[in-house]
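Asks: Take the sequence shown: its letter number 40 is residue 57 in this note's numbering, and every next letter is one higher.
Glycine included, C-beta positions come from ideal geometry on N, C-alpha and C.
Right, I'll just put the structure down here and ask away after.
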Amino acid sequence: MRASLPAILQLVVAATAAFSIAHYGFGHPAPLIAATVTISSLGLVRDARPRRVLETVIGMILGVFVAEIVVLTAGSGWWQLAVTLACSLAIARFVSPQPAFAIAAAIQSIIVVIVPTQVPLLRLIDATIGGAMALLVTALIPRSPLRTALTDAAELFTAFGGAAGTVVQGLRSGSRMRSERGLEKARELQGLVDAWRTSVESGLAIARISPFTRRQRHELERHDRIRTSMDLAVRNLRVVARRAVYLSDDGSERELAADLLADLSRGADLLAASLHDISLEPAARETLTAAAARLDPIALVPDGSLGDQTLISALRPLATDLLCATGMTPAEARAILPRV
């Protein structure tokens with residue numbers, strides 16, 4: 018509920034303003050469409066970027082237009098409703114591949130057919146007012162995009178640390194069960210990565226048009242850079258976890274590999290903290306650099322099995338991704354790794 022407060026405020030202001038403009042400004046007796054178009058186009062979804070709002074608005078205006086044409090030519094009734102729905106859905110699917118676009122058009126067309134009016138095309142004007150108000154409040158009353166991005170980032174980094182920590186426990190104890198649990202946690206991270214991407218991309222889109230969030234654009238771009246690298250890091254953590262599960266069949270303790278993964282996880286924790294305090298980014302880079310510089314599988318386990326050396330090798334791409342998240346280029350990050 019707390020997270021939805023900005024969206025709730027945005028919806029209340031937009032719907033009330035759209036209704037007032039249509040009712041008091043244009044004299045429409047019951048501007049239902051103005052309010053419903055506004056609420057439906059904004060919604061409570063995470064992705065409130067202007068393009069998505071505009072697409073929804075276009076879909077609903079299309080539905081209202083089709084319904085108004087049917088009502089003007091054939092009147093209202095059960096078969097007119099059927100014809101309107103069929104036409105609205107067919108045209109909307111032709112215009113856009115998004116299912117939500119067609120459903121938005123269909124819902125508004127139903128309202129036009131069922132709710133009578135004495136003035137032709139009145140609901141089309143109301144829909145235009147509602148759509149314009151939805152786009153206006155998207156720019157003037159944004160939904161705290163940076164706060165949402167920070168929340169999503171914190172959830173990802175917390176879960177990343179939990180997955181890495183469980184794999185570390187499995188390596189220290191030689192427990193296949195713990196390693197498998199770490200792999201399960203690592204597989205669950207992708208949804209958090211996708212949620213962070215949605216909030217960052219939505220925030221950047223809003224920041225480009227909103228004068229109130231334009232100053233957040235630089236921070237959101239930094240989020241996007243870190244998020245891109247963390248997406249790759251999550252994938253490579255799954256690789257490390259799978260190798261840990263495979264090696265744990267022998268029940269051997271692997272303290273060295275566990276320590277290296279724990280060091281990388283600590284660097285990721287500092288990286289998470291740097292999202293709130295950018296001055297911590299160099300500390301994260303130093304911690305990750307120190308860990309990455311040790312990742313020489315031949316030197317660390319000269320007498321170890323090929324599986325143990327492969328496990329150390331699997332940590333190298335993970336370290337590279339985390340270093341890139343601190344602002345390094347891939348070439349700079351790879352140069353830190355020992356040559357093998």
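What residue range is occupied by the uninterrupted alpha helix (DSSP H) comprising R225?
Replies: Position 208 of the sequence shown holds residue 225. It spans Q207 to I226 - the alpha helix (DSSP H) in which R225 sits, taken as one unbroken run.
Asks: Once DSSP output is grouped into helix, strand and coil, what is the label at H240?
Replies: Taking the first residue of the sequence shown as position 1, residue 240 is located at position 223. The answer is helix: DSSP assigns H240 an H, G or I state.
Asks: What's the call for I295, buried or exposed, on a 16-neighbour Cβ count within 10 Å?
Replies: Mapped onto the sequence shown, residue 295 falls at position 278. By the 10 Å Cβ count, I295 comes out exposed.
Asks: Whole-angstrom Cβ separation of T304 and R333, contact assumed at under 8 Å?
Replies: By 1-based counting over the sequence shown, the position of residue 304 is 287. By 1-based counting over the sequence shown, the position of residue 333 is 316. About 16 Å; that fails the 8 Å criterion.
Asks: How long is the line joining the alpha carbons of L79 and A285, rounded to whole angstroms?
Replies: Sequence index remark: in the sequence shown, residue 79 carries index 62 (1-based). Sequence index remark: in the sequence shown, residue 285 carries index 268 (1-based). So the two alpha carbons sit approximately 48 Å from each other.
Asks: Tell me where the alpha helix (DSSP H) around P314 begins and ends.
Replies: Indexing the sequence shown from 1 puts residue 314 at position 297. Segment P314 to L317, the alpha helix (DSSP H) holding P314.
Asks: Going by alpha carbons, who is nearest to L102 out of P114, T90 and V130?
Replies: In the sequence shown, counting from the first residue as 1, residue 102 sits at position 85. Here the closest residue by C-alpha is V130.
Asks: Out of curiosity, what's the CA-to-CA distance linking V361 and V112?
Replies: No answer is possible for residue 361: the residues shown for the chain start at 18 and end at 357.
Asks: Are the CB atoms of V154 and L59 within a distance shorter than 9 Å?
Replies: Locating residue 59 in the sequence shown gives position 42, where the first residue counts as 1. Locating residue 154 in the sequence shown gives position 137, where the first residue counts as 1. In this structure, V154 lies closer than 9 Å to L59 by Cβ.
Asks: I need the boundaries of the alpha helix (DSSP H) containing D320, first residue and last residue.
Replies: For the purposes of this step, residue 320 is taken as residue 303 along the sequence shown, with counting starting at 1. That residue, D320, is in no alpha helix (DSSP H); it is neither H nor E in DSSP.
Asks: Out of R244, I158, A300 and A203, which has the shortest C-alpha to C-alpha gap to R226?
Replies: Here residue 226 refers to the residue found at position 209 when the sequence shown is read from its first residue. The displayed chain sequence assigns Ile, not Arg, to residue 226. Here the closest residue by C-alpha is I158.
Asks: A360 to A166, Cα distance in whole Å?
Replies: Residue 360 cannot be examined here, being either before or after the span of the chain that is shown, 18 to 357.
Asks: Could you give the residue range of the alpha helix (DSSP H) that holds D294?
Replies: Taking the sequence shown and counting its residues from 1, the one referred to as residue 294 is at position 277. Taken as a continuous stretch (DSSP letters only), D294 belongs to no alpha helix (DSSP H), as it is neither H nor E.
Asks: I want to see whether chain B comes within less than 9 Å of A352, judged by CB atoms only; does it?
Replies: Given the protein chain composition of this structure (a single chain), no chain B is represented.
Asks: Do you know offhand how far S96's Cα is from L209's?
Replies: To locate residue 96, count along the sequence shown from 1; it is residue 79. To locate residue 209, count along the sequence shown from 1; it is residue 192. According to the sequence as given, residue 96 is Trp; it is not Ser. C-alpha separation (whole angstroms): 46 Å.
Asks: Just confirm the distance between the C-beta atoms of A144 and V54, as a whole number of angstroms; I'd bet it's less than 8 Å.
Replies: Taking the sequence shown and counting its residues from 1, one reaches residue 144 at position 127. Taking the sequence shown and counting its residues from 1, one reaches residue 54 at position 37. Sure, about 5 Å apart at Cβ, within 8 Å.
Asks: Does the contact criterion of 3 or more C-beta pairs under 8 Å hold for the region 187 to 194 versus the region 264 to 271?
Replies: yes
Asks: CB-CB under 7 Å to R110, same chain, minus the five flanking residues each way: which ones, in chain order?
Replies: Reading the sequence shown from its first residue, position 93 is the one you call residue 110. Once the five neighbours on either side are set aside, the close Cβ partners of R110 are A119.
Asks: Which value, in whole angstroms, describes the spacing of the CA atoms of Q326 and P319?
Replies: In the sequence shown, the residue the question calls residue 326 occupies position 309. In the sequence shown, the residue the question calls residue 319 occupies position 302. Going from the Cα of Q326 to the Cα of P319 covers about 8 Å.
Asks: What separation, rounded to the nearest whole angstrom, lies between the Cα atoms of G94 and M247?
Replies: Counted from its first residue, the sequence shown places residue 94 at position 77. Counted from its first residue, the sequence shown places residue 247 at position 230. Taking the straight line from one Cα to the other gives about 55 Å.
Asks: Apply the 10 Å Cβ neighbour rule to F229 and answer buried if 16 or more other Cβ atoms are within range, or exposed otherwise.
Replies: The residue labelled residue 229 in the question sits at position 212 within the sequence shown. So F229 ends up on the exposed side.
Asks: What residues in its chain sit with their C-beta under 8 Å from that of H293, if we drop five residues either side in the sequence?
Replies: The sequence position of residue 293 within the sequence shown is 276, counting from 1. Within the same chain, H293 has close Cβ partners L167.
Asks: In chain order, what residues of the same chain lie with their CB nearer than 8 Å to the CB of T337, ignoring the 5 residues before and after it?
Replies: Locating residue 337 in the sequence shown gives position 320, counting from the first residue. Cβ within range, chain order: A309, P347, A350, R351 and L354.
Asks: Among the residues of its own chain, which have a CB less than 6 Å from the CB of Q125, if the five just before and after it don't count?
Replies: Here residue 125 is taken as the residue at index 108 of the sequence shown, counted from 1. Contacts found: M77, G80 and V81.
Asks: Could you give the DSSP three-state label for M18: helix, strand or coil?
Replies: Along the sequence shown, read from residue 1 onward, the residue named residue 18 stands at position 1. Residue state, collapsed to three classes: coil.
Asks: Could you tell me the distance, in whole angstroms, from the CA atom of G42 to the CA atom of L26?
Replies: Here residue 42 is taken as the residue at index 25 of the sequence shown, counted from 1. Here residue 26 is taken as the residue at index 9 of the sequence shown, counted from 1. Spanning the two alpha carbons is a distance of roughly 23 Å.
Asks: Quick one, which of E197, G148 and H240 has its alpha-carbon nearest V256's?
Replies: The sequence position of residue 256 within the sequence shown is 239, counting from 1. When only C-alpha atoms are compared, the closest one is E197.
Asks: Does R68 pass the burial test, meaning 16 or more other C-beta atoms within 10 Å, or should it be called exposed?
Replies: Numbered from 1 along the sequence shown, position 51 holds the residue referred to as residue 68. Label assigned to R68: exposed.
Asks: Does the separation of the CB atoms of A222 and G147 fall below 9 Å?
Replies: For the purposes of this step, residue 222 is taken as residue 205 along the sequence shown, with counting starting at 1. For the purposes of this step, residue 147 is taken as residue 130 along the sequence shown, with counting starting at 1. In this structure, G147 does not lie closer than 9 Å to A222 by Cβ.
Asks: Answer yes or no: do A35 and A151 have a C-beta to C-beta separation smaller than 9 Å?
Replies: Here residue 35 corresponds to residue number 18 of the sequence shown, with the count starting at 1. Here residue 151 corresponds to residue number 134 of the sequence shown, with the count starting at 1. Cβ atoms of A35 and A151: closer than 9 Å.
Asks: Sort A47, L277, L49 and R260 by Cα distance to L317 and report the nearest one.
Replies: The residue you call residue 317 lines up with position 300 of the sequence shown. With distances taken between Cα atoms, L317 lies closest to L277.
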